[in-house]
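Heads up: the structure comes next, in structure tokens.
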Amino acid sequence: MKKYIFIIICLSIFSNFMINIGETKNIDKKDVQNIVIFCYHDVVDSSSLEILNTDPYAISTERLEEHFKFFKQNGYTPISLKQYDNYLKGKAKLPKKPIILTFDDGRKSMYTHIYPLLKKYNYPAVFAIILSYMDKNILPTTDIKKMVSWQELKEMQNSGLVEVASHTYDLHNFIVSNKYGDKQQNVTTIKWHNDNYETEMAFNQRIDEDMQIGNDIFFKNMGNSSNILVWPYGAYNDYAIDSAKKIGYKYQMMLNDDVNLQDDTLFSRYIIYGNPTDEELLQMLEHNYPKKEIMAAQVDIDMIYDNSPEQFEKNINATIDKIRNIGADTVFLQTFADEDGDGDVNEVYFHTNLMKVKADVFSHVTIRLKNEGFKVYAWMPVLSYPWMVEDKDNAITASEEGKQGWYTRATPFSPMVKQYTKDLVKDLALYAPIDGILFQDDLYMNDFEDFSIYAKEAFKKEFHKELTKEILEDEKIRNKWTKLKTKAINDLTKELIDTAKKYRPEIKTARNIYPIVILEPESEEWFAQNYEDYLDLYDYVVIMAYPEMEEVENTDAWLEHLVQISLNNPKAKEKAIFKLQGYDWKNNVWINNDEQNRRKDIIEKLNGKNMAIYPIDVFGK
């Protein structure tokens, strides 16, 4: 199996620095965002086969030198953050192809293997130190001899080639995150202890205390403070970033390759994993690393949850096996309970105080799936919560009796609804390590909706007239009102995304869309959905390619037409996910594998890259 490497792209804005080697030039900010940052870990002798064979992050000294030679041969010049800082201040120029080298954790190899090579090639680098490991009072005795010393760090720092960064004091670890005993990375995890969750205030206080302790220990032993913080495992959130800034860290480093960091002091990095080939290194350096296609399975927790813990675990195992068997790498995981299938959400599967929790199991299932290598998106409704419309002012209402849509929904124009939904998304993101959010198809309004008091206020503000059924007979006004309804729903999802990203900054977003909106764009009037808008707003658009539900006569022709029309927009090549129907609800039968594979072939032949299946037959053959 091919091993991938993750390199670090500095999505920042590098600044002025003078360098004495290589060609120099002034670089635009957009060019600075293309600077590649590599994250290495342990470097050992080629004879250390036990380490090289068991630690996928370790490479040999010989291979590291090959990397250095490769950079030089291809015109890439390592730079320091001090040089970068000078560039930002307008005091220097960047080399033509700048890169940054970082080495994490603080192993002895920094001094014995890496530093000699840095001196040989005159390459600067950032060394990130786990500060609690440097504290001999708590350092595991088996590791003491493997760690670099303060004296060695001072020597390397004084050479001008090494900048020493904090890798936090004691956040480079995992803590219990739920009643199942699942562990997650410290920085982004609400701790479960004494049969309960810690408060968000206590959660934030842990971060603040670690920043202060780490800064104090660094200054005591190095004689100066570091202005560089490297987050363990690349995990961070908005509060952690602010906490680090307050303590004095100017630059912060994460991991991941495709995150748009909106700050010129934040850097994304690619992690060297599995001893990459020269070809793979060049792909990273040129930002030409192939983007993986998505195959998603949409999973109902309703199908697998059981009051018996033993049976529940068996059901999770069966789900994992089924997902793996269909070749999926991504899971759209149900956050809500809807066993009767009416679309009304009265209970959820994650911790919140806003509504009834059927069982706090979403985080557990998510972690089980992630531990198996799957990306997990929270499949989440936004408006279809009956408890939100107990106040009738918050309910979407129709102009005529019998014209109400098939979901009970709250109006996106209501300030209370906006706050409720943001608070609900906050709880989801705070307690579950999700990779993304899939917005449910309850986000729509038909052409007879919305006549709530808040919609009427929005209408009057825009048109300076009262909203009535009669005024919408004016086609010009009706079309403009449709666009405003579409925008209101879209704007609500943007607020929800911003809320979620405070706690999970790197999550991806996806949204369900009805196929008729793509096939007949004028049908926006009937749904307040717009395909082109979605391609601009979200990372992915999930097209509900359900021929049985649409009751089409010629399944193949309909699917071919849908795929062709969907891919007319160039953005859709990467963003469109064609979700295939796994169950025929009309005839109450599962769609067999042969038919499913045939539909996949149709999509692939038309250059559709990403697919999903819903539902999946977890317990079937």
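Each position in the sequence shown, counted from 1, maps to that position plus 29 in my numbering.
Every residue, glycine too, gets a C-beta built ideally from N, C-alpha and C.
Quiz item: Comparing alpha-carbon positions, which option in Pro444, Glu339, Gln327 lies nearest Asp358?
Solution: Gln327
Quiz prompt | With 16 other Cβ atoms within 10 Å as the buried cut-off, status of Lys638 | solution = If you draw a 10 Å sphere on the C-beta of Lys638, you find 16 or more other C-beta atoms in it, and that means buried.
Practice problem: Taking the CB atoms as reference points, tell me whether Phe361 and Leu467 lie closer together than 7 angstroms. | Solution: yes
Quiz item: Are Val374 and Val386 close, meaning C-beta to C-beta below 7 angstroms?
Solution: Result no, Cβ atoms of Val374 and Val386 do not sit closer than 7 angstroms.
Practice problem: Find the nearest neighbour of Glu181 within the set Met139, Asp199, Asn82, judged by alpha-carbon distance. | Solution: Met139
Quiz item: In three-state DSSP terms, what is Lys320?
Solution: coil
Quiz prompt | Ranges of the beta strand (DSSP E) found wholly within the stretch 348-436, counting only runs of at least 3 | solution = 359-363, 404-409
Quiz item: Nearest-angstrom Cα distance between Asn621 and Trp614?
Solution: 14 angstroms
Quiz item: Which residue from Ser254, Pro415, Gln281 puts its Cα closest to that of Gly263?
Solution: Looking from the CA of Gly263, the closest CA among Ser254, Pro415, Gln281 belongs to Gln281.
Practice problem: From the DSSP output, in three-state form, read off Trp555 for me. | Solution: helix
Quiz item: Which whole runs of the alpha helix (DSSP H) in the stretch 581-619 are 4 residues long or more, in chain order?
Solution: Taking 4 residues as the shortest admissible run, the stretch 581-619 contains the following complete alpha helix (DSSP H) segments, listed from N- to C-terminal end: 584-595, 601-604.
Quiz item: Would you report the Cα separation of Asn225 and Lys137, rounded to the nearest angstrom?
Solution: Distance between Asn225 and Lys137, taken at the CA atoms: about 40 angstroms.
Quiz item: Got a sec, what are the start and stop residues for the beta strand (DSSP E) Met282 sits in?
Solution: 280-282
Exercise. Starting from Ile632, follow the alpha helix (DSSP H) in both directions and report where the run begins and ends.
Key: Segment 622-634, the alpha helix (DSSP H) holding Ile632.
Practice problem: Have a look at Lys351, Gln214, Asn626 and flag the residue whose alpha-carbon is nearest the alpha-carbon of Phe648. | Solution: The shortest Cα separation from Phe648 among Lys351, Gln214, Asn626 belongs to Lys351.
Quiz item: According to DSSP, is Asn336 helix, strand or coil?
Solution: In the structure shown, Asn336 sits in coil (DSSP, three-state: anything other than H, G, I, E or B).
Practice problem: Pick helix, strand or coil for Ile645, following the three-state DSSP scheme. | Solution: Ile645: coil per DSSP, three-state reduction.
Quiz prompt | Counted within 10 angstroms of its Cβ, other Cβ atoms place Lys98 as buried (16 or more) or exposed | solution = exposed
Practice problem: Whole angstroms is fine: what's the gap from Asp84's alpha carbon to Leu78's? | Solution: 10 angstroms
Quiz prompt | Rounded C-alpha distance that separates Asn346 from Asn400 | solution = In a straight line, the C-alpha of Asn346 is about 12 angstroms away from that of Asn400.
Quiz prompt | alpha helix (DSSP H) segment containing Tyr20, residue limits | solution = The structure shown does not extend to residue 20, since the chain is modelled only from 30 to 650, so the question has no answer here.
Quiz item: Just the Cα atoms here: how many angstroms apart are Lys126 and Lys101?
Solution: 10 angstroms
Quiz item: Ala605 and Tyr473: beta carbons closer than 7 angstroms?
Solution: no
Practice problem: Quick one: grab the DSSP three-state call for Met474. | Solution: coil
Practice problem: Identify, in the order they occur along the chain, each residue of the same chain with its Cβ nearer than 6 angstroms to the Cβ of Thr584, setting aside the five sequence neighbours on each side. | Solution: Taking Thr584 as the centre and dropping the five residues before and after it, the same chain places the C-beta of Pro576 closer than 6 angstroms to its C-beta, in chain order.
Quiz item: So what does DSSP say about Ser481, is it helix, strand or coil?
Solution: coil
Exercise. For the alpha helix (DSSP H) containing Ser161, list its first residue and its last residue.
Key: 160-163
Quiz item: The beta strand (DSSP E) spanning Leu525 covers which residue range?
Solution: Not the beta strand (DSSP E): Leu525 falls in the alpha helix (DSSP H), residues 504-532.
Practice problem: Give every residue of the same chain whose Cβ lies closer than 7 angstroms to the Cβ of Lys279, excluding the five residues on either side of it in the sequence, and list them in chain order. | Solution: Closer than 7 angstroms at Cβ, skipping near neighbours: Asn256, Thr294.
Quiz item: beta strand (DSSP E) containing Ala121: first to last residue?
Solution: Neither: Ala121 is in no beta strand (DSSP E) and is coded neither H nor E.
Practice problem: Check whether the Cβ atoms of Lys407 and Leu457 lie closer than 7 angstroms to each other. | Solution: Note that residue 407 corresponds to Ala in the displayed sequence, not to Lys. A contact, by the Cβ cut-off of 7 angstroms.
Practice problem: Identify the continuous beta strand (DSSP E) that holds Tyr569 and give its terminal residues. | Solution: 569-574
Quiz prompt | Chain-order list of residues whose beta-carbon lies under 6 angstroms from that of Ser552 (same chain, five-residue window excluded) | solution = Ile545, Val546
Exercise. With a 10 Å radius around its C-beta and 16 neighbouring C-beta atoms as the bar for buried, classify Pro667 as buried or exposed.
Key: The structure shown does not extend to residue 667, since the chain is modelled only from 30 to 650, so the question has no answer here.
Exercise. Out of His393, Asn317, Ile323, Gln312, state which residue places its alpha-carbon closest to the alpha-carbon of Glu342.
Key: His393
Quiz item: Does the stretch 563-582 come within contact of the stretch 536-543, defined as at least 3 CB pairs closer than 8 angstroms?
Solution: The way I'd put it, the stretch 563-582 does touch the stretch 536-543; three or more beta-carbon pairs between them come closer than 8 angstroms.
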